[in-house]
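Which chain is which? The protein sequence lines are A and B, in order. Residue numbers for the first sequence, in the numbering used here: 1 to 724. Residue numbers for the second sequence, in the numbering used here: 725 to 878. Built from N, CA and C at the ideal position, the CB exists for glycine as well.
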Amino acid sequence: MSHTTSADSSRQPASGVSRRGFLQTSAVASGGLMVGVNLAGLSADALAAGTLHTPNAWVHIADDNTITLLSARSEMGQGVYTSMPMLIAEELNVDIRQIKVAIAPPNAKLYGNALLGGPQLTGGSSSVRDGWDKLRTAGAQVREMLLSAAADSWKVDRASLKAENGMIIGPKGKKATYGQLAAAASKLPVPEKVALKDPSAFRILGKRTKRLDTPAKTNGTAEFGIDVKLPGMVYASLEQCPVIGGTVKSFDAGKAKTMPGVIDIVQIPDGVAVVADTYWHAKKAREALSVQWDEGAGATLDDKAMLDGIRAGAPGDKVLPLKAVGDADAVIKASTKVVKAEYVMPLLSHSPLEPMNFTAHYHDGKVDLIGPTQWQDGAQGTVAKLLDVKPEDVSVKTTFLGGGFGRRIDLDFIVQAAQISKAVNKPVKLLWTREDDMTHDFYRPQSVHQMAAALGDDGKPTAMTFRMVSQSITGRVFGLPLEAQDPLMTEAAMAAYEIPATRHDIVKHDAGLRVGYWRSVSHALNAFANEGFIDECAVAAGKDPYLYRMSLLTRQPRFANVLKMAAEKSGWGTPAPAGRFRGIALMEGYDTYMAQVAEISDKDGVPVVHKVTVVADLGRMVNPDTVEAQIESSIIFGLTAALYGEINVDKGRVQQTNFDKYQIVRMNEAPAIVITLVQSNEKPGGIGEPATALIGPAVANALFAATGKRVRRMPFTAENIKTA
Amino acid sequence: MTTRFAVNGKTVDVKAEPDTPLLWVIRDEIGLTGTKFGCGAALCGACTVHLDGAPIRSCITPVSAVAGKKVATIESLPHNNSHPLQKAWIAHDVPQCGYCQSGQLMSAAALLRSNKNPSDADIDAAMSGNICRCGTYGRIKAAIKTAAAEMRKA
Numbered sequence: 001m002s003h004t005t006s007a008d009s010s011r012q013p014a015s016g017v018s019r020r021g022f023l024q025t026s027a028v029a030s031g032g033l034m035v036g037v038n039l040a041g042l043s044a045d046a047l048a049a050g051t052l053h054t055p056n057a058w059v060h061i062a063d064d065n066t067i068t069l070l071s072a073r074s075e076m077g078q079g080v081y082t083s084m085p086m087l088i089a090e091e092l093n094v095d096i097r098q099i100k101v102a103i104a105p106p107n108a109k110l111y112g113n114a115l116l117g118g119p120q121l122t123g124g125s126s127s128v129r130d131g132w133d134k135l136r137t138a139g140a141q142v143r144e145m146l147l148s149a150a151a152d153s154w155k156v157d158r159a160s161l162k163a164e165n166g167m168i169i170g171p172k173g174k175k176a177t178y179g180q181l182a183a184a185a186s187k188l189p190v191p192e193k194v195a196l197k198d199p200s201a202f203r204i205l206g207k208r209t210k211r212l213d214t215p216a217k218t219n220g221t222a223e224f225g226i227d228v229k230l231p232g233m234v235y236a237s238l239e240q241c242p243v244i245g246g247t248v249k250s251f252d253a254g255k256a257k258t259m260p261g262v263i264d265i266v267q268i269p270d271g272v273a274v275v276a277d278t279y280w281h282a283k284k285a286r287e288a289l290s291v292q293w294d295e296g297a298g299a300t301l302d303d304k305a306m307l308d309g310i311r312a313g314a315p316g317d318k319v320l321p322l323k324a325v326g327d328a329d330a331v332i333k334a335s336t337k338v339v340k341a342e343y344v345m346p347l348l349s350h351s352p353l354e355p356m357n358f359t360a361h362y363h364d365g366k367v368d369l370i371g372p373t374q375w376q377d378g379a380q381g382t383v384a385k386l387l388d389v390k391p392e393d394v395s396v397k398t399t400f401l402g403g404g405f406g407r408r409i410d411l412d413f414i415v416q417a418a419q420i421s422k423a424v425n426k427p428v429k430l431l432w433t434r435e436d437d438m439t440h441d442f443y444r445p446q447s448v449h450q451m452a453a454a455l456g457d458d459g460k461p462t463a464m465t466f467r468m469v470s471q472s473i474t475g476r477v478f479g480l481p482l483e484a485q486d487p488l489m490t491e492a493a494m495a496a497y498e499i500p501a502t503r504h505d506i507v508k509h510d511a512g513l514r515v516g517y518w519r520s521v522s523h524a525l526n527a528f529a530n531e532g533f534i535d536e537c538a539v540a541a542g543k544d545p546y547l548y549r550m551s552l553l554t555r556q557p558r559f560a561n562v563l564k565m566a567a568e569k570s571g572w573g574t575p576a577p578a579g580r581f582r583g584i585a586l587m588e589g590y591d592t593y594m595a596q597v598a599e600i601s602d603k604d605g606v607p608v609v610h611k612v613t614v615v616a617d618l619g620r621m622v623n624p625d626t627v628e629a630q631i632e633s634s635i636i637f638g639l640t641a642a643l644y645g646e647i648n649v650d651k652g653r654v655q656q657t658n659f660d661k662y663q664i665v666r667m668n669e670a671p672a673i674v675i676t677l678v679q680s681n682e683k684p685g686g687i688g689e690p691a692t693a694l695i696g697p698a699v700a701n702a703l704f705a706a707t708g709k710r711v712r713r714m715p716f717t718a719e720n721i722k723t724a
Numbered sequence: 725m726t727t728r729f730a731v732n733g734k735t736v737d738v739k740a741e742p743d744t745p746l747l748w749v750i751r752d753e754i755g756l757t758g759t760k761f762g763c764g765a766a767l768c769g770a771c772t773v774h775l776d777g778a779p780i781r782s783c784i785t786p787v788s789a790v791a792g793k794k795v796a797t798i799e800s801l802p803h804n805n806s807h808p809l810q811k812a813w814i815a816h817d818v819p820q821c822g823y824c825q826s827g828q829l830m831s832a833a834a835l836l837r838s839n840k841n842p843s844d845a846d847i848d849a850a851m852s853g854n855i856c857r858c859g860t861y862g863r864i865k866a867a868i869k870t871a872a873a874e875m876r877k878a
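Now the structure itself:
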């Protein structure tokens, strides 16, 4: 996800919260008014440490100097459990290895994501970009409060004090731990203006730092949603309609009720839940249910017909102009050298390795929620609304997420757990099977990209048109009106290439299946089309694809730099090893500039990817090692989509049910990934997603170099390549 | 009727029906939750444990099949992360979301028990049954080599 507009906030806090306004809000709140509200998010360890003081919403300091820094973002692999505290610790002057971390409870006023328009949501490669100023400021505020408390207590000049490694150090050997000063500091007003370090003085930010969550993830102790256990908890398995959106007409639980361990069988809006003393008992009894479904409107869905509908458009579809320069259509019409192409993307599932699950306890008109979510205040607000309780009576505790990729922005499984708990009046852990997960996803939408360009005598484009037709996700999730441009469909739609006349537009077409945000969202769709198409133009012009791109980037230094570096590092222009071929791709996404070169061979009609060379310029970095890890991760994720990813729907039923039919790239297929990070003082860019979008076009372009076949449709299966 | 076997060196008697997958006995009845559920069909490797030293997928192994045998889970590796593989995992900062890593470590531990100097092809063969959706494969491979080198020195 990326910037959302003010129009899309029907269920959200006002999106007009400026960063300054936000900081003031949290400063007011941290002046003591909000003390206590954050305790729900803290670990038992931190609570056991003694009295907790709350110098501000991001920093808790106990008397014994246990310092807990909050991450308002969910840890789903991308490293925020380490990078968010690093931002605070830099200004607070504490050792990052000596602190504890807690994930913040829902409170969008304190912990909202201004880059996304306000929700407390993890997504859009936004955590560092949103937190860069905010979290350093929070750390500095607490540092200043501790300094003031020490100056007051010792009756010395504040200027004579230093904050170092969790201690305030004063003249004549005077010193005190932050813990000793926390009680006094937390009573002081939060300073509005604080000085932030010059980056040259950074001791934590920009340094390779070991992740704080690794030890728990190598000895089996890291707690994921599936691991939650509450006293008296029971287990639920939910039978949902095989057609998404279908409802229960009737059901016979006679046999299921007699099965071992079954406690109750209850109907909720999404299906029939079997509740038992163990998960396995619940699942076995669920298999004995007999449910009659009203399959609803989804029962006719077929992915091929959906794609035809997207291509043909519907009477109500609106063309939403993105940008027009000159009269591109007229130039193309008058041209004698025109390149035209259509690019197509299939439906995809997220398939994080931890299947959807959540634990809920409805009691006394309150709901406790524990589990993996990317959207804390969404979970709170939606469960409150649907269970008719007050939002403040819904607590949300976030565990580690066994992958997110956008799937855990949606709240369906959380609501289900809460409804089942209410129905059986017990704490319930709802766990989906892999089959549930794959057949009841919010899928990445299909897209069709229609493109045309006129080439001049020198081969360069004189005009280009680009139309993307797809389904809006933001309409469903945030209520964005149909007639409003969806910023999550336009990402990477306008490439950097200098073309005198251009027309870009977006068409929203509802194909009928529910769709969701999938890692890198529309970047992956649009970059595949744009980077394949510019390669086609280069071929039509008889030019080298790299040099052709460079010739269109004369006023785009950050693009040109990463492209040039990627060409150099990959050996572009020199012979590849025998049987290997290279393809190149370039994009900006989330303020990150990136180029990739894929080196492949052709094996029995399908590509084998051996090596990927990446150059990324994302401005200032918090933890370069995590940056590299996210690039590696995104490339494997994007490669899975490029080589294998496709969800098919027949009579409304998703056909892929497990990893046999929905293949994931495995170690023996994983390419070597060689990364160069540009050292830059620009503002930070996001890195959790952009590399996902470039591996597909880089491989497709290499495939063209290898075979002369231009594959304009993912995935790159033998059949799609043969018919290309 | 109970099934008796050993988990991480301790004898247990479990009351789950004999056809219950070992995974759910380990997680829900014995209470060791480091072993994860990913697919239920031996396709992803998240549930990998050792049975008499060999890696198996506990999600499709009925508990009856382990009667009288020795099961080892991720919790059999030292809690303080002192096993060469755990140290290497930390040194290379392998995990991202971390959900698959118990299974990855158990597959890797089984590999290194029989092969102290695995080649890339050996590692691919031993590890390609374990899916990592975060794509940490490159770091896993590097960490296995680091751990193998340490174990050879020892």
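Check your understanding: Leu767(B) CB to nearest chain A CB: under 8 angstroms?
Key -> Sequence index remark: in the second sequence, residue 767(B) carries index 43 (1-based). Yes, Leu767(B) counts as interfacial toward chain A.
Check your understanding: Given a threshold of 16 other Cβ atoms within 10 Å of its Cβ, counted over all protein chains shown, does Val319(A) qualify as buried or as exposed?
Key -> What you label residue 319(A) is simply residue 319 of the first sequence in a count that begins at 1. Exposed is the call here.
Exercise for review: Below 8 angstroms on the Cβ atoms is my guess for Val424(A) versus Val234(A); work out the distance and round it to an integer in Å.
Suggested key: Numbered from 1 along the first sequence, position 424 holds the residue referred to as residue 424(A). Numbered from 1 along the first sequence, position 234 holds the residue referred to as residue 234(A). The Cβ separation is near 7 angstroms, so the contact holds.
Point to revise | Residues near Leu42(A) in its chain [Cβ-Cβ closer than 8 angstroms; skip 5 each side] | key: By one-based count along the first sequence, residue 42(A) stands at place 42. With a pLDDT of only 44 at Leu42(A), under 50, the local geometry of the prediction cannot be trusted, and the value read off the model is given with reservation. In chain order, Leu52, His60, Thr68, Ala102 place their CB closer than 8 angstroms to the CB of Leu42(A), counting only its own chain and leaving out the 5 sequence neighbours on each side.
Practice item. Please compile the residues from chain A whose C-beta is within a distance smaller than 8 angstroms of the C-beta of Ile814(B). Key: Reading the second sequence from its first residue, position 90 is the one you call residue 814(B). Chain A residues near Ile814(B): Lys210, Thr214, Pro215, Thr218.
**Study point:** Met84(A) in three-state terms, based on DSSP
**Key:** Numbered from 1 along the first sequence, position 84 holds the residue referred to as residue 84(A). Met84(A) falls in the helix class under three-state DSSP.
Check your understanding: Skipping 5 residues on each side, what residues in its chain have a beta carbon closer than 8 angstroms to that of Arg876(B)?
Key -> Position 152 of the second sequence, counted from the start, is the residue given in the question as residue 876(B). Once the five neighbours on either side are set aside, the close Cβ partners of Arg876(B) are Lys840, Asn841.
Exercise for review: With Leu386(A) as the anchor, note down where its alpha helix (DSSP H) starts and where it stops.
Suggested key: Taking the first residue of the first sequence as 1, we reach residue 386(A) at position 386. Taken as a continuous stretch (DSSP letters only), the alpha helix (DSSP H) holding Leu386(A) covers 376-387.
Check your understanding: Which residue spans inside the region 765-844 of chain B form an unbroken alpha helix (DSSP H) run of at least 4?
Key -> 808-815, 825-838
Review point. If you scan the region 83-118 of chain A from start to end, which runs of the beta strand (DSSP E) of 3 or more residues do you find wholly inside it?
Key: Counting only runs of 3+ residues, the beta strand (DSSP E) found wholly inside the region 83-118 of chain A occupies 100-103, in chain order.
Practice item. Would you check if the distance between the CB atom of Cys858(B) and the CB atom of Gly77(A) is smaller than 8 angstroms? Key: For the purposes of this step, residue 858(B) is taken as the residue at position 134 of the second sequence. For the purposes of this step, residue 77(A) is taken as the residue at position 77 of the first sequence. Result yes, Cβ atoms of Cys858(B) and Gly77(A) sit closer than 8 angstroms.
Exercise for review: Check the Cβ-Cβ distances between Asp45(A) and every residue of chain B, and say whether any is below 8 angstroms.
Suggested key: As a working mapping, residue 45(A) is identified with position 45 in the first sequence. Here the model assigns Asp45(A) a pLDDT of 48, short of 50, so the residue's position is not dependable, and the following value carries that caveat. Not closer than 8 angstroms to any Cβ of chain B, the Cβ of Asp45(A) fails to qualify, so no.
Check your understanding: Does the beta-carbon of Ala44(A) have 16 or more other beta-carbons within 10 angstroms, so that it is buried, or is it exposed?
Key -> As a first step, residue 44(A) must be located in the first sequence, where it is residue number 44. Confidence at Ala44(A) is low in this model, with a pLDDT of 46, below 50, so its placement is unreliable and no value can be given for it.
Check your understanding: Among Pro191(A), Trp572(A), Ala691(A), which has the Cα closest to the Cα of Ala492(A)?
Key -> Within the first sequence, residue 492(A) is the residue found at index 492, counting from 1. Of the candidates Pro191(A), Trp572(A), Ala691(A), the one whose C-alpha sits nearest the C-alpha of Ala492(A) is Ala691(A).
Practice item. Taking only beta-carbon positions, decide if Arg728(B) is within less than 8 angstroms of chain A. Key: By one-based count along the second sequence, residue 728(B) stands at place 4. Answer no: the Cβ-Cβ gap between Arg728(B) and chain A never drops below 8 angstroms.
Check your understanding: the region 574-591 of chain A: which residues have C-beta closer than 9 angstroms to a C-beta of chain B, in chain order?
Key -> none
Check your understanding: What number of angstroms, rounded off, separates the C-alpha of Ala297(A) from the C-alpha of Pro242(A)?
Key -> What you label residue 297(A) is simply residue 297 of the first sequence in a count that begins at 1. What you label residue 242(A) is simply residue 242 of the first sequence in a count that begins at 1. Whole-angstrom Cα-Cα distance: 13 angstroms.
Point to revise | Straight-line gap, Lys207(A) to Lys162(A) (C-alpha atoms, nearest Å) | key: Along the first sequence, read from residue 1 onward, the residue named residue 207(A) stands at position 207. Along the first sequence, read from residue 1 onward, the residue named residue 162(A) stands at position 162. Each residue's alpha carbon lies about 23 angstroms from the other.
**Study point:** Any chain A beta carbon closer than 8 angstroms to Glu874(B)
**Key:** The count along the second sequence starts at 1 and reaches residue 874(B) at position 150. No, its Cβ sits nowhere closer than 8 angstroms to a Cβ of chain A.
Review point. Does the Cβ-Cβ distance between Ala595(A) and Val339(A) come in under 8 angstroms?
Key: As a first step, residue 595(A) is located in the first sequence; it is residue number 595 there, counting from the start. As a first step, residue 339(A) is located in the first sequence; it is residue number 339 there, counting from the start. No, the pair does not count as a contact, with Cβ atoms beyond the cut-off.
Review point. Tell me which same chain residues have a C-beta within less than 6 angstroms of the C-beta of Lys794(B), skipping the five on either side of it?
Key: Here the question's residue 794(B) lines up with position 70 in the second sequence. Excluding sequence neighbours, Lys794(B) sits near Ala730, Asp776.
Review point. So, does the CB of Ala484(A) fall closer than 8 angstroms to a CB anywhere in chain B?
Key: Here residue 484(A) refers to the residue found at position 484 when the first sequence is read from its first residue. No, no contact with chain B.
Practice item. Could you check what DSSP says for Trp734(A) in three-state terms: helix, strand or coil? Key: Beyond the ends of chain A as shown, which are 1 and 724, falls residue 734(A); an answer cannot be given.
Check your understanding: Any idea what DSSP makes of Ser43(A), helix, strand or coil?
Key -> On the first sequence, position 43 is the one that residue 43(A) refers to. Because the pLDDT of Ser43(A) is 47, which lies under 50, any placement of that residue in the model is unreliable, and the number read from its coordinates should be weighed accordingly. The answer is coil: DSSP assigns Ser43(A) none of H, G, I, E or B.
Check your understanding: Is it the case that the Cβ atoms of Lys426(A) and Val389(A) are separated by a distance below 8 angstroms?
Key -> Counting from 1 along the first sequence, the entry for residue 426(A) is found at position 426. Counting from 1 along the first sequence, the entry for residue 389(A) is found at position 389. No, the Cβ-Cβ distance between Lys426(A) and Val389(A) is not below 8 angstroms.
Check your understanding: With respect to the beta strand (DSSP E) encompassing Val597(A), which residues constitute its N-terminal and C-terminal limits?
Key -> Taking the first residue of the first sequence as 1, we reach residue 597(A) at position 597. Here the beta strand (DSSP E) through Val597(A) covers 592-603.
Check your understanding: Of all the CB atoms in chain B, is at least one closer than 8 angstroms to the CB of Tyr81(A)?
Key -> Along the first sequence, read from residue 1 onward, the residue named residue 81(A) stands at position 81. Chain B, which has no Cβ nearer than 8 angstroms to the Cβ of Tyr81(A), makes this no.
Review point. In its own chain, which residues sit with a C-beta less than 7 angstroms from the C-beta of Leu482(A), not counting the 5 before and 5 after it?
Key: Indexing the first sequence from 1 puts residue 482(A) at position 482. Counting only Cβ-Cβ distances below 7 angstroms, and skipping sequence neighbours, we find Lys318, Gly475, Lys508.
**Study point:** Limits of the beta strand (DSSP E) - the one that Pro55(A) falls within
**Key:** As a first step, residue 55(A) is located in the first sequence; it is residue number 55 there, counting from the start. First-last of the beta strand (DSSP E) with Pro55(A): 52-56.
Review point. Does the Cβ-Cβ distance between Ala360(A) and Val262(A) come in under 8 angstroms?
Key: For the purposes of this step, residue 360(A) is taken as the residue at position 360 of the first sequence. For the purposes of this step, residue 262(A) is taken as the residue at position 262 of the first sequence. No Cβ-Cβ contact shorter than 8 angstroms links Ala360(A) with Val262(A).
Exercise for review: Using a Cβ cut-off of 8 angstroms (strictly closer), state whether Arg857(B) contacts chain A.
Suggested key: Locating residue 857(B) in the second sequence gives position 133, where the first residue counts as 1. When Cβ-Cβ separations below 8 angstroms define contact, Arg857(B) makes contact with chain A.
Review point. Are any of the Cβ atoms in chain A nearer than 8 angstroms to that of Asp817(B)?
Key: Indexing the second sequence from 1 puts residue 817(B) at position 93. Closer than 8 angstroms: yes.
Review point. Measuring CA to CA, which of Lys460(A), Glu342(A), Ile675(A) is closest to Val448(A)?
Key: Counting from 1 along the first sequence, the entry for residue 448(A) is found at position 448. Looking at the Cα atoms, Glu342(A) is the closest of the given residues.
Review point. Under 8 angstroms between C-beta atoms, does Asp133(A) make it to chain B?
Key: As a working note, residue 133(A) is residue 133 in the first sequence. Output row for Asp133(A): interface = no.
Review point. By Cβ distance, which residues of its chain are closer than 8 angstroms to Val477(A), with the 5 residues on each side in sequence left out?
Key: Here residue 477(A) is taken as the residue at index 477 of the first sequence, counted from 1. If we look at Val477(A) and ignore the five residues flanking it on each side, its Cβ neighbours are Ile409, Asp410, Gly516, Tyr517.
Check your understanding: Listed in chain order, which residues of the region 79-108 of chain A have Cβ atoms closer than 7 angstroms to some Cβ of chain B?
Key -> none
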